[in-house]
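Our numbering numbers the first residue of the sequence shown as 3 and each following residue consecutively.
Note that the Cβ used here is the ideal one computed from N, Cα and C, for glycine as well.
Worksheet: the structure to be examined is printed underneath.
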Amino acid sequence: HARHLDGQQLLVADMLDVLRPFELGASRAGPDLVTPRPRLRIVPGKLAGAPHVYRTRIETEALAALRWRGLQPGKIVDLYPVLELADVDDALDLERQLQPALALTA
Numbered sequence: 003h004a005r006h007l008d009g010q011q012l013l014v015a016d017m018l019d020v021l022r023p024f025e026l027g028a029s030r031a032g033p034d035l036v037t038p039r040p041r042l043r044i045v046p047g048k049l050a051g052a053p054h055v056y057r058t059r060i061e062t063e064a065l066a067a068l069r070w071r072g073l074q075p076g077k078i079v080d081l082y083p084v085l086e087l088a089d090v091d092d093a094l095d096l097e098r099q100l101q102p103a104l105a106l107t108a
């Protein structure tokens, strides 16, 4: 059972961990909200909580926007020399996963 301390509910082992992956339906799942991909992070106090490439301030959404405008992943790496191709691949994969969920709120 959950116990209350000063009006706040304590988390117990059988409760949902809202930061970890979750099912959105038979064919979709939400990402891990701490480490959505091996090379990506989501940190509440950094970039307003936007997913970004680990140890950078480069948001996954910015990388996806470049790809959607026709830039190939290799050219994106040329624009951001600090990145590796695997960083861009992880970012694009996360943004593809998020798109159907985001469309539900639009």
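The closest CA to that of E61, considering only L73, K48, G72 and W70, is found on K48. The C-alpha of V45 is placed about 10 Å away from the C-alpha of Y56. With contacts defined as CB atoms closer than 8 Å, P40 and D92 qualify as a contacting pair.
Around the beta carbon of L68, 16 or more other beta carbons lie within 10 angstroms, which makes this residue buried.
In the structure shown, the three-state DSSP call for L96 is helix. By the CB criterion at 8 Å, I78 and L65 fall inside the cutoff. The three-state secondary structure of L68, taken from DSSP, is helix. Going by beta carbons, L87 and G72 fall outside the 8 Å limit.
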